[in-house]
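To start, the structure itself, in structure tokens.
In this note's numbering, the protein residues as written are 5 to 279.
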């Protein structure tokens, strides 16, 4: 589709590449959490896991979202098709709906046993940095097509709004997964509005009550509204990962790609593992 090439390929992809490069350098020079594994090995593993999901994002997810948005110009479904307002206002409404429903999708990935078997691949990373932002199983990407596609219709978003949101979504995901140590006062100011590295680091903790918090992608307001926000955890106290998958040697790219199709281990609290 030409709009994907014009907006995502020619504008979004270069912007996201610059964001990735800047954050990769920043987290290398100002580290928030001490690494437990070699960076190079994790880059290879996470890149291999990400490749199928990347392909599906570009050739399944984006075309489906754009197609639904265009079809909806005739169907006239969703919130934005029920009132008259300037394009900027409708764009903001669509953006907020898509961001809120991504919060719901993330919660569902943790609460549903079936969805968790795919999402756990993301959480088994023993370090958290910008490469973790791409460590998503392709099965999770397929599931998101149905959930997020439905809410494209609910929002009444246009194809352009869908693509612009996706670019911001990807940039925000890179930012809050990064291991970049921002000044504490700046981060506290930022997380009143958006998700920050310290905030999302808590979500990747091995302590279940900490993992079950900070679900939102861009605006922190959704966690605040649903009382799922948690900020009072020191980064030095956080151990990243899933207790049941505490052996980094077994978490190869091949193992991670087949993991959702195996028997998923029960979560164990870190205290039981002597952490």
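C-beta atoms are modelled at their ideal positions from N, C-alpha and C, and glycine is treated no differently. Being a predicted model, the structure only gives us computed values, none of them experimental.
Please state whether the Cβ-Cβ distance between residue i and residue j is less than 9 Å.
i: residue 98; j: residue 169; result: yes
i: residue 129; j: residue 245; result: yes
i: residue 64; j: residue 198; result: no
i: residue 127; j: residue 208; result: yes
i: residue 20; j: residue 121; result: no
i: residue 23; j: residue 179; result: yes
i: residue 114; j: residue 144; result: no
i: residue 216; j: residue 232; result: yes
i: residue 213; j: residue 234; result: yes
i: residue 5; j: residue 83; result: no
i: residue 150; j: residue 102; result: no
Can you give me the C-alpha to C-alpha distance between residue i and residue j, rounded to a whole angstrom?
i: residue 95; j: residue 165; result: 6 Å
i: residue 133; j: residue 182; result: 4 Å
i: residue 86; j: residue 55; result: 39 Å
i: residue 49; j: residue 257; result: 5 Å
i: residue 155; j: residue 167; result: 14 Å
i: residue 163; j: residue 152; result: 13 Å
i: residue 191; j: residue 206; result: 14 Å
i: residue 251; j: residue 175; result: 30 Å
i: residue 28; j: residue 229; result: 32 Å
i: residue 279; j: residue 243; result: At residue 279, the pLDDT of 38 sits below 50, so the modelled position is not reliable and the matter cannot be decided from this model.
i: residue 270; j: residue 185; result: 32 Å
i: residue 78; j: residue 109; result: 27 Å
i: residue 60; j: residue 139; result: 14 Å
i: residue 276; j: residue 13; result: Its pLDDT being 47, under 50, residue 276 is placed unreliably by the model, and nothing is read from it.
i: residue 76; j: residue 223; result: 26 Å
Start and end of the alpha helix (DSSP H) containing residue i?
i: residue 190; result: 188-194
i: residue 231; result: No alpha helix (DSSP H) contains residue 231, which DSSP labels as neither H nor E.
i: residue 272; result: Premise fails: residue 272 is in no alpha helix (DSSP H) and is neither H nor E.
i: residue 123; result: 117-127
i: residue 267; result: Run containing residue 267: none; DSSP gives neither H nor E here.
i: residue 147; result: 142-159
i: residue 262; result: 257-262
In this structure, what does DSSP give as the bridge partners for residue i?
i: residue 223; result: 198
i: residue 184; result: 35
i: residue 209; result: 244
Should residue i be flagged as near chain B, meaning a C-beta pair shorter than 9 Å?
i: residue 80; result: No chain B is present in this structure, which holds just one protein chain.
The ligand SAM and residue i: does the residue's C-beta get closer than 8 Å to at least one heavy atom of that ligand?
i: residue 76; result: Annotation note on the ligand SAM: not contained in the displayed structure, which lists no ligands.
**Item:** Contained alpha helix (DSSP H) runs [length at least 4] in the stretch 35-107, N- to C-terminal order
**Value:** DSSP runs (the alpha helix (DSSP H)) wholly in the stretch 35-107: 43-60 and 66-79.
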